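Novice: Once you've had a glance at the structure underneath, I'll fire off some questions.
This is the structure in structure tokens:
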């Protein structure tokens, strides 16, 4: 153990999953980091914001998390205190210059074994026809934060700034990631916990038979694998390729008038964007895969139940299987009900580590090491539900340039414009930009048909998209 470390911890199961991703990206360590920024129109006093960030380091213990390797194993510990001074303030002539600069940083690895767990910058952006914007960019290692933790970070940082700058009340304390680490390790140390979940997951993944890979590129990858191995019964192709891991970052925005109708439907029918957007994507995927309606996504769950956990940093997210088997005589409304059922089941069983589930799949379906049946990893970011006080902000994510999965999609309602936005990080060796454009168009078409008339059957929607 390193000197002057009072307590060191093993990685918790969600962190083990993140670290495992490096196995399928031999040379590109940026696949395990999160680069994000927020843009605001309210002027930021950057010296005060630096003071607020140092206060945030005190409040948000994951910002004091550090890592080292001992006997080939990653360990973690918390610094008792830490401060950053002279945080760089960058000035951009326009959005294109800002995008280029932070995209380059996003694709530069965060060296977490060299005491660099994140990089942070403050910045301004000039706008030809609008007021100057101010922003904060962070590129943080995924072992330190997940996306939910990043939102908590931005939310709390701005609230602390308002306290220092305007005398507003200091926000309530954040939950401690160290406490969560201790609970996670205690849970994982009891084998009975895993036995119960293994039985539930075995039933879940076998009740409808072995899942079939339905790609956003259509059947071509599955058919190519079957032809290459001369086995027409293959259900899950080998798609992890650590050499060809170059990834594009394709963004789409649903037009305002369509977004408004979709959001109104969600509010009137008490259905979340996570269910609605996924259903639209699944219908497009069914359409281009010979109308197979047994779709299987890996959906990221933030795993935060209590208010303390929701107001905490750290990386505790878990990929959960969302397999939804539809029939063509089922209505759009009934299909949404199936989505909700899958969501509830996943939340109820969120503590089963993904690495355990992965091994269970391999055992049950005899998958080779690099094979999998899921179409994509999916995240819904609840930005519109996140309060940033009176700050109007725009959220921006950046592509990593490399990735371990064929496709990772995240969607959200933009709090500034109200529009639904979808961002796709996709391996270009497998999935083209044209595939993603078709997915976006098909998803929007399916959602328009279904929300305009929820009593349309799945078959009728597939006929029209």
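Numbering (this note's numbering), first residue to last: 13 to 477.
Ideal Cβ positions, reconstructed from N, Cα and C, are used throughout, including at glycine.
All of these numbers come straight from a predicted model, not from anything done at the bench.
Specify the secondary structure class of residue 202 as computed by DSSP and reduced to three states.
Specialist: coil
Novice: In chain order, what residues of the same chain lie with their CB nearer than 6 Å to the CB of residue 166, ignoring the 5 residues before and after it?
Specialist: 50
Novice: Going residue by residue through the region 135-193, where are the continuous beta strand (DSSP E) segments of at least 3 residues, counting only ones entirely within it?
Specialist: 145-153
Novice: Can you grab the Cα-Cα spacing for the pair residue 406 / residue 375, in whole Å?
Specialist: Note on geometry: alpha-carbon atoms of residue 406 and residue 375 lie some 44 Å from one another.
Novice: Consult DSSP for residue 413 and reduce its assignment to one of helix, strand or coil.
Specialist: Under the three-state reduction of DSSP output, residue 413 falls in the coil class, being neither helix nor strand.
Novice: From residue 273 to residue 456, what distance separates their C-alpha atoms?
Specialist: Their backbone Cα atoms lie some 11 Å apart in a straight line.
Novice: If you draw a straight line from the C-alpha of residue 87 to the C-alpha of residue 315, how long is it?
Specialist: Going from the Cα of residue 87 to the Cα of residue 315 covers about 22 Å.
Novice: With DSSP as the reference, label residue 119 as helix, strand or coil.
Specialist: coil
Novice: Looking only at its own chain, which residues have a Cβ that is under 7 Å from the Cβ of residue 124, when we skip the five neighbours before and after it?
Specialist: Result list for residue 124: 79, 153 and 155, in chain order.
Novice: If you drop the 5 nearest sequence neighbours on each side, which residues of the same chain put their C-beta closer than 8 Å to that of residue 358?
Specialist: 311, 313, 332, 333 and 334
Novice: Just tell me which of 62, 70 and 59 has its CA closest to the CA of residue 92.
Specialist: Checking every option, the nearest Cα to that of residue 92 belongs to 70.
Novice: Report the residue ranges of all beta strand (DSSP E) runs contained in full by the region 301-341; include only those spanning at least 3 residues, in chain order.
Specialist: 306-313 and 330-337
Novice: Just verifying my parser: in three-state terms, what is the DSSP assignment at residue 250?
Specialist: strand
Novice: Using only the alpha-carbon positions, how far apart do residue 409 and residue 234 sit?
Specialist: 31 Å
Novice: Which of the three DSSP states is assigned to residue 132 in this structure?
Specialist: strand
Novice: Quick one: Cα of residue 294 to Cα of residue 325, how far?
Specialist: One Cα belongs to residue 294, the other to residue 325, and the distance between them is close to 32 Å.
Novice: Output the distance between the C-alpha atoms of residue 476 and residue 304, rounded to the nearest integer angstrom.
Specialist: If I take the Cα positions, the gap works out to 16 Å.
Novice: Given residue 354, which residues of its chain have a CB within under 8 Å of its CB, disregarding the five upstream and five downstream residues?
Specialist: 334, 335 and 336
Novice: Take every Cβ of the region 232-250, pair it with every Cβ of the region 45-61, and state whether three or more of those distances are shorter than 8 Å.
Specialist: no
Novice: Report yes or no: do three or more beta-carbon pairs, one from the region 396-403 and one from the region 411-423, lie closer than 8 Å?
Specialist: no
Novice: If you run the structure through DSSP and keep just helix, strand and coil, what is residue 388?
Specialist: coil
Novice: For residue 28, which residues of its own chain have a beta-carbon under 6 Å away from its beta-carbon, when the five flanking residues on both sides are left out?
Specialist: 367
Novice: When the Cα of residue 12 is compared with those of 377, 371 and 330, which residue comes out closest?
Specialist: Within the shown structure, residues of the chain are numbered from 13 to 477, placing residue 12 beyond reach of any answer.
Novice: Considering only the beta carbon of each residue, do residue 220 and residue 306 sit closer than 9 Å?
Specialist: yes
Novice: Would you check if the distance between the CB atom of residue 196 and the CB atom of residue 73 is smaller than 9 Å?
Specialist: no
Novice: Identify whether residue 256 lies in helix, strand or coil by the three-state DSSP scheme.
Specialist: Three-state result, residue 256: coil.
Novice: On the three-state DSSP scale, how would you describe residue 223?
Specialist: coil
Novice: Three-state secondary structure (DSSP) at residue 15?
Specialist: The predicted position of residue 15 is uncertain, since its pLDDT is 49 and thus under 50; no value can be drawn from it.
Novice: Closest by CA to residue 147, which one among 57, 321 and 347?
Specialist: 57
Novice: Within 10 angstroms of the Cβ of residue 160, are there 16 or more other Cβ atoms? Answer buried if so, exposed if not.
Specialist: buried
Novice: Which residue or residues does DSSP assign as beta-bridge partners of residue 87?
Specialist: BP columns for residue 87 point to 22 and 80.
Novice: For residue 101, which three-state DSSP category applies?
Specialist: strand
Novice: Of all the options 142, 149 and 94, which has the alpha carbon lying nearest to the alpha carbon of residue 100?
Specialist: 149
Novice: Below 8 Å on the Cβ atoms is my guess for residue 265 versus residue 433; work out the distance and round it to an integer in Å.
Specialist: 5 Å
Novice: So, is residue 459 buried or exposed, given that buried needs 16 or more other C-beta atoms within 10 angstroms?
Specialist: buried
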